[in-house]
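K.L.:
Dropping a structure here in structure tokens format, bear with me for questions.
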Amino acid sequence: MHIRGDHAELVVGGRLDVRSAADARTALHTAVDAGAGDLVLDLSELDSWDATGLGVIMGAHRRAGRCGRRLVLRRVPPQMQRLLVATRLHRILAIEGGIGVESLPRV
């Protein structure tokens, strides 16, 4: 897993899972605490995430809200869009352009 960018936009790549969760949490919390306005997470380079990785995203979302910021997901890969829909988190998280639920392939 790698995260690069500044306090306004981060690109998350690789795997966001139990092995990378602690580093990701630290990077996201630092970015939330250091900036103002929306924090955009570009997920275009993310290969996969598990429940722990999704928990890291939700934790950053809550922390951003407490700081008066908004966490925005950008370029969410289709397989991860399906997971957000299945868990109904697409209704809670800000997703740039939204998710076209009807256009997602059924699994």
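Note that full-length UniProt numbering has the sequence shown beginning at 1, numbered continuously upward.
Built from N, CA and C at the ideal position, the CB exists for glycine as well.
As the structure is a computational prediction, the values presented were derived from the model and not from experiment.
Residues in its own chain within less than 7 Å of A31 by CB, not counting five upstream and five downstream?
P.N.:
Only H7, L10, L39 meet the Cβ criterion.
K.L.:
Have a look at I57, D33, V85 and flag the residue whose alpha-carbon is nearest the alpha-carbon of A22.
P.N.:
I57
K.L.:
Roughly how many angstroms lie between the CA atoms of G68 and R62, to the nearest whole one?
P.N.:
10 Å
K.L.:
State the DSSP-derived secondary structure class of A94, mapped to helix, strand or coil.
P.N.:
strand
K.L.:
Strictly by DSSP, which residues pair up with I3?
P.N.:
V12
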